[in-house]
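Numbering (the numbering used here), first residue to last: 15 to 498. Cβ atoms here follow ideal geometry from the backbone N, Cα and C, with glycine treated the same way. No experiment lies behind these values; they were computed from the predicted model shown. I have placed the structure first, in the form of structure tokens, so that the comments after it can refer back to it.
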RNA sequence: UCCUCCUUAGCUCAGUUGGUUAGAGCGGCUGACUGUUAAUCAGUAGGUCCUUGGUUCGAGUCCAAGAGGAGGAGCCA
């Protein structure tokens, strides 16, 4: 029987060519509109953002069945596809029989055929995939996952699985979640009265990973080009629309790439993904585009974005990212209107300060009006593993900044010279003892190499136009929230 | 973690200088309707005004603490 079932995407794709075919469709009721003579049911099975119109004639379908077809109910509908007499669709399915697979009591079912706020839908994260918006977002999330693997595979990269549980805490990328099997109420103690992690599961302190980069470097120095794609965890108490405690990150790492090669790959990568979405998920993007336009109608003119979602995506595909050094950025910012008129909360005067969100936003959204790659940062504001430049002041680091999202990619050429690396680690108080395996790659057959990390959810935000990172991952993990 | 704002019906929100019985739209329910597009029309039910304490003759409204949420900042991806 299963082979008679058509996905709604297939029905709509065939359109008029499918008229006359006998099919079974299964899905969830979005809306039902009825009169004495005929009922129209909008059915959605998640295969596409679009619905299939089911026509239920009370002479054909029993009254008790019709009464149970409420918003949210799950149906199996059998019939012969027909050209639609109405305006909104080419084909529809006049039902010969309808089986109720699952009832949904309309007095209790929380999703109504109306607009809901994203805040409300977050509280019912178990049901929100049934809405048009979240269906589109999660389909695009899948699309990007697939396209990422395809992009790297086409270029001869290998997917490297870096560990989720890590024994090193020297990566310096943020607060970590501890992994332990010790009894929190009664942990074994050392003679000094400290918790004795020697008796813990792994025989040492372990945490959830904050980055797969160091492991990716090990892979690159053997397989040339690798990438990781997995969950990462930060125990930071970050309460913003751009941070999660559990998020997914893609970290390519390439032997024999310098910073220029690295920046080129980053741009090519993002453009490839956007193009993939535009080419293959036009329906979902069109829906999200319209959703955003409707949303912005209620906003003041100055708060509306200058480009629609689709225009923004096309713009990124068509234009090179602007590449400027940190030093050039400081000059632009120093001479900018908001700096001179003291509109910035943090005024720019000296070389060497870290750029704040307001500065990055000015460069991307006001000055260049396109994605910007900033590179060659002062070494004192960047990580120990970044390659020192000849000027002795900067490191070969780069950040890709996107409108509305901020930093979407952070990367660098890595320090491959053992003495320089050891010197930086000493300056930054990073114990060599815990990083012995990392240092050995510099000791044995070291090579120039580069890589970057891109936050998967931030990418999805850009692709879908969603404003809150909690709405681009099915089950967001944020401080004080691990429901579902 | 810091700053600002918010919490009233299932949802989205009004609620005046503190005053008697807290409102609307949508959704639900009942009915009408010859093919609808989040259908339309008529009727109807539905409230611990986030919690606790305080001020007051009287608190949805004022004050304090707590809880939850949002926006911004920091950290970063």
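{"Asked": "Cα separation between residue 37 and residue 64?", "Found": "18 Å"}
{"Asked": "With a cut-off of 8 Å on the beta carbons, I'd call residue 343 and residue 377 a contact; round off their distance for me.", "Found": "6 Å"}
{"Asked": "Kindly indicate which three-state DSSP category residue 2 falls into: helix, strand or coil?", "Found": "Since the displayed the chain opens at 15 and closes at 498, residue 2 lies outside it and no answer follows."}
{"Asked": "Considering only residues of the same chain and omitting the five flanking positions on each side of residue 222, which have a CB-CB separation below 7 Å?", "Found": "178, 179, 190, 191, 193 and 247"}
{"Asked": "Let's test the definition: count the other Cβ atoms within 10 Å of the Cβ of residue 466 and tell me whether it reaches 16, buried, or not, exposed.", "Found": "buried"}
{"Asked": "Whose CA, out of 319, 374, 340 and 334, lies closest to the CA of residue 352?", "Found": "374"}
{"Asked": "Can you say whether residue 450 is buried or exposed, counting buried as having 16 or more other CB atoms within 10 angstroms of its CB?", "Found": "exposed"}
{"Asked": "Short of 7 Å in beta carbon distance, which residues of its chain neighbour residue 461, apart from the five on each side in sequence? Order them along the chain.", "Found": "235, 269, 270 and 430"}
{"Asked": "If I measure Cβ to Cβ from residue 379 and keep anything under 8 Å in the same chain, skipping five residues before and after, which residues do I get?", "Found": "417 and 418"}
{"Asked": "Using CA atoms only, rank isn't needed, just tell me which of 225, 275, 254 and 252 is closest to residue 239.", "Found": "275"}
{"Asked": "Please identify the residue among 283, 115 and 97 whose C-alpha is closest to the C-alpha of residue 31.", "Found": "97"}
{"Asked": "Could you round the C-beta distance between residue 136 and residue 472 to whole angstroms and report it? I think they count as a contact, below 8 Å.", "Found": "In fact, because the Cβ distance is near 18 Å, the residues do not count as touching under 8 Å."}
{"Asked": "Given a threshold of 16 other Cβ atoms within 10 Å of its Cβ, counted over all protein chains shown, does residue 253 qualify as buried or as exposed?", "Found": "exposed"}
{"Asked": "Use the C-beta contact count for residue 47: other C-beta atoms within 10 angstroms, 16 or more gives buried, fewer gives exposed.", "Found": "exposed"}
{"Asked": "With C-beta atoms as the reference, is residue 426 less than 7 Å away from residue 400?", "Found": "yes"}
{"Asked": "Let me check one thing: in DSSP terms, what residues is residue 463 bridge-paired to?", "Found": "269"}
{"Asked": "Drop a sphere of 10 angstroms on the beta-carbon of residue 442, count the other beta-carbons inside from all chains shown, and report buried for 16 or more, exposed for fewer.", "Found": "exposed"}
{"Asked": "I think residue 272 touches residue 464, with their Cβ atoms under 8 Å apart; what is that distance to the nearest whole Å?", "Found": "6 Å"}
{"Asked": "Pair every Cβ in the region 121-131 with every Cβ in the region 275-289, then say whether three or more of these pairs are closer than 8 Å.", "Found": "no"}
{"Asked": "Less than 7 Å between the C-beta atoms of residue 327 and residue 292, yes or no?", "Found": "yes"}
{"Asked": "So residue 439 is in the alpha helix (DSSP H); what residue range does that whole segment cover?", "Found": "432-441"}
{"Asked": "Between residue 255 and the rest of its own chain, which residues show a CB-CB distance below 8 Å, the 5 nearest in sequence each way excluded?", "Found": "481, 482, 483 and 484"}
{"Asked": "Any contact of the region 106-113 with the region 139-148, i.e. 3+ C-beta pairs under 8 Å?", "Found": "no"}
{"Asked": "Out of 224, 231, 121 and 181, point me to the one whose CA is closest to residue 500's CA.", "Found": "One cannot answer for residue 500 here, as it falls past the ends of the chain, which runs 15 to 498."}
{"Asked": "Would you identify the three-state DSSP class for residue 372, choosing helix, strand or coil?", "Found": "helix"}
{"Asked": "For the beta strand (DSSP E) that contains residue 110, what are its first and last residues?", "Found": "105-116"}
{"Asked": "Just to confirm my understanding: we take residue 74, look at its own chain, exclude 5 residues before and 5 after, and list those with CB closer than 6 Å. What are they?", "Found": "none"}
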